[in-house]
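Only one structure is covered here, and it is reproduced in the block below.
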Amino acid sequence: MTATVDPIRAEVVARYLLGVTEEMSAALMRTAFSPNIKERGDCSTAVFDHAGNVVALPQRVPIHLGSMVGVVESVLERFPKDGIRPGDMFLANDPYNGGGSHLPDINVIAPVFAGAEIVAYVACIAHHADVGGMVPGSEAAVCNSIFQEGIRIPPVRIVSEGRINRDVFDILLLNSRTPDERAGDLRAQIAANTVGLRSVQALFERYGVAQTQATMAAYLDFTEKRFAAAIAKVPPGRYEACEYLDGANEGEKAAIRLALTVGDGRLGFDFAGSAPQLAAARNIPFRALVATIYTVVKSLLDPDVPANSGYFRTMDISAPPGTVVGPVSPAAVGARSISCAVLGDAIAAALSQALPERALAGCGPHQLIVLAGTDPRTGHYYVNYETIAGAMGARAYQPGVDAVRVHASGSSNLPVEALEHAYPFRIDQYALRKGSGGDGRHPGGQGVVRDYRALGDDTVLSLSSERQHAPARGLAGGGDGALGQFVLNPGTPEERQLPSAAAEIRLRKNDVLRVNTPGGGGYGPRT
Numbered sequence: 001m002t003a004t005v006d007p008i009r010a011e012v013v014a015r016y017l018l019g020v021t022e023e024m025s026a027a028l029m030r031t032a033f034s035p036n037i038k039e040r041g042d043c044s045t046a047v048f049d050h051a052g053n054v055v056a057l058p059q060r061v062p063i064h065l066g067s068m069v070g071v072v073e074s075v076l077e078r079f080p081k082d083g084i085r086p087g088d089m090f091l092a093n094d095p096y097n098g099g100g101s102h103l104p105d106i107n108v109i110a111p112v113f114a115g116a117e118i119v120a121y122v123a124c125i126a127h128h129a130d131v132g133g134m135v136p137g138s139e140a141a142v143c144n145s146i147f148q149e150g151i152r153i154p155p156v157r158i159v160s161e162g163r164i165n166r167d168v169f170d171i172l173l174l175n176s177r178t179p180d181e182r183a184g185d186l187r188a189q190i191a192a193n194t195v196g197l198r199s200v201q202a203l204f205e206r207y208g209v210a211q212t213q214a215t216m217a218a219y220l221d222f223t224e225k226r227f228a229a230a231i232a233k234v235p236p237g238r239y240e241a242c243e244y245l246d247g248a249n250e251g252e253k254a255a256i257r258l259a260l261t262v263g264d265g266r267l268g269f270d271f272a273g274s275a276p277q278l279a280a281a282r283n284i285p286f287r288a289l290v291a292t293i294y295t296v297v298k299s300l301l302d303p304d305v306p307a308n309s310g311y312f313r314t315m316d317i318s319a320p321p322g323t324v325v326g327p328v329s330p331a332a333v334g335a336r337s338i339s340c341a342v343l344g345d346a347i348a349a350a351l352s353q354a355l356p357e358r359a360l361a362g363c364g365p366h367q368l369i370v371l372a373g374t375d376p377r378t379g380h381y382y383v384n385y386e387t388i389a390g391a392m393g394a395r396a397y398q399p400g401v402d403a404v405r406v407h408a409s410g411s412s413n414l415p416v417e418a419l420e421h422a423y424p425f426r427i428d429q430y431a432l433r434k435g436s437g438g439d440g441r442h443p444g445g446q447g448v449v450r451d452y453r454a455l456g457d458d459t460v461l462s463l464s465s466e467r468q469h470a471p472a473r474g475l476a477g478g479g480d481g482a483l484g485q486f487v488l489n490p491g492t493p494e495e496r497q498l499p500s501a502a503a504e505i506r507l508r509k510n511d512v513l514r515v516n517t518p519g520g521g522g523y524g525p526r527t
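As structure tokens, then:
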């Protein structure tokens, strides 16, 4: 840390800013309209310095970490600083044009002013349950172009000097099947940024612009040095790993190949040789790629390192354009969070070779369902976007964790009470999926089984998943985890297994959908 910055003050400022992001998150979740945000917490908040570096980010939904990287630069490419005024906010969602990592994730960014100078930025990102496209929920692995996934928005001014830009606001609402929810959730994001603005401005007023900015910069430098020290403990060398996504068609596979190099306090990630981008929404855009890398290496090397741009500097990432980990427009990317779980396994496998005492077996990713239709209780159209947790693989020293998000995923399962209150479904069963974890000295975590009974007459269902064909692999002689499954009307003469990816399957009243999420791999042979 530089001699001109008090290290105690730097820690106080860093903790204050992290508290600001938590305060913003609370404001966002408490004022949001949709269960996906207010109950599942599918949202994140951040504070940036004046140059657009992430300074504070709560550890809520890791994939949003990458979605925040570069958002300030994208805004400034379209809106020069001298044209930005206090009270302005900007919105974007397109992963190829300064947005998040898929279209339902909407970024809202606000500059923080001290006098006439922009001294920092605050931002929030929230997953909106529907932003148009060919299927309710705006996310289905079967989409083969981003144009099928919803409305695409480059950075635009959503608030001008404190007033909502109704033109932009109304265009977005018109493209959603659930405009009232979108209006409420967007206003919640604006409110969350307003909370963040006030708190960050108070910090600058207390310490002054020069001292506060120097403190932020010093804290990023400290984070970089700390993580470089953690990397220095990893044996230098080259470590290779390969994992497989589902392909564009049922039963096909697409390789993610990784060569990890370690040395001189740096990590290099080279994805040369990975499969060409898919005509399906399983592709992983750059911001989702970096978010997964940042998250997995942090969890394995130094879980307590602050989640900011300081430690990002210790990594070099190369992904060939036109591959599943480097898609180019108009490749579909909607289901990227499930793909990132498989990507995370490849990263963990490479690091596990370097650090066998911290090794992590393959993990079972969440499974995605979108249920939509007319609620017979109200006559209103609804879109229920849900992801149901899978399971962690076993570690070299302990069993895997049951019923948990893995790698870059982080939102909650929707509580039964909230689901049944908001939507016309009854949950007939919600339990651990016994026996789904891979066998071993340390068994893999168990997934979830959850049964949905449709209470409406016009329900449509879309499905997206991974690990329904290629299981989470065991490590060091441990067994593989169980595959995921979607089953319609289990235990009846009409029982049938549904595809791992599908759009708008029609359900009748009292049809039951069973979601079996995959288990994690085990570690070591059972003794």
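Numbering follows the UniProt record's numbering, with no gaps: position 474 of the sequence shown is 474. Glycine is no exception: its CB is placed at the ideal position from the N, C-alpha and C atoms.
What first and last residue would you give for the beta strand (DSSP E) that runs through Tyr504? In the sequence on display, residue 504 carries Glu and not Tyr. Glu504 -> beta strand (DSSP E) spans 502 to 507.
If you drop the 5 nearest sequence neighbours on each side, which residues of the same chain put their C-beta closer than 6 Å to that of Pro471? Asp480, Gly481, Leu483
Going by beta carbon distance, what residues of the same chain come within less than 6 Å of Ser44, once the five residues before and after it are set aside? Arg60, Val61, His64, Ile125
Which ranges does the beta strand (DSSP E) cover as unbroken runs of at least 3 residues, wholly within the stretch 157 to 185, from first to last along the chain? none
Are Asp130 and Arg177 close, meaning C-beta to C-beta below 7 Å? yes
Kindly indicate which three-state DSSP category Leu65 falls into: helix, strand or coil? helix
Could you check if Asp246 is buried or exposed, using at least 16 other CB atoms within 10 Å of its CB as the buried criterion? buried
Three-state class that DSSP yields for Gln277 in the structure shown: coil
Any chance you could list the beta strand (DSSP E) runs of at least 3 consecutive residues sitting entirely within the stretch 462 to 499, in chain order? 485 to 488
If we ignore side chains and look at the alpha-carbon of each, how far apart do Leu172 and Ala191 end up? 18 Å
Pro7 versus Pro303: straight-line alpha-carbon distance, rounded: 21 Å
By the DSSP assignment, the alpha helix (DSSP H) with Ser25 in it spans what residues? 7 to 31
Compare the Cα-Cα distances from Ala307 to each of Ala418, Val370, Phe227 and report the closest residue. Phe227
Among Glu240, Gly263, Glu117, which residue has its Cα nearest to the Cα of Ala210? Glu117
Identify whether Gly390 lies in helix, strand or coil by the three-state DSSP scheme. strand
Taking the alpha-carbon positions, what's the Arg441 to Arg508 distance? 45 Å
Got a sec? Which residues, its chain only, sit under 7 Å from Gly437 by beta carbon, not counting five neighbours each side? Ala391, Gly400, Pro443, Gly444, Gly445, Gln446, Gly481, Gly519, Gly520, Gly522
For Arg336, name the three-state secondary structure that DSSP assigns. helix
Answer yes or no: do Lys38 and Met24 have a C-beta to C-beta separation smaller than 7 Å? no
Using only the alpha-carbon positions, how far apart do Lys225 and Tyr311 sit? 8 Å
Cα separation between Thr4 and Glu22? 29 Å
With C-beta atoms as the reference, is Tyr121 less than 7 Å away from Val156? no
Report the rounded CA-to-CA distance for Ser465 versus Gly150, giving the unit in angstroms. 20 Å
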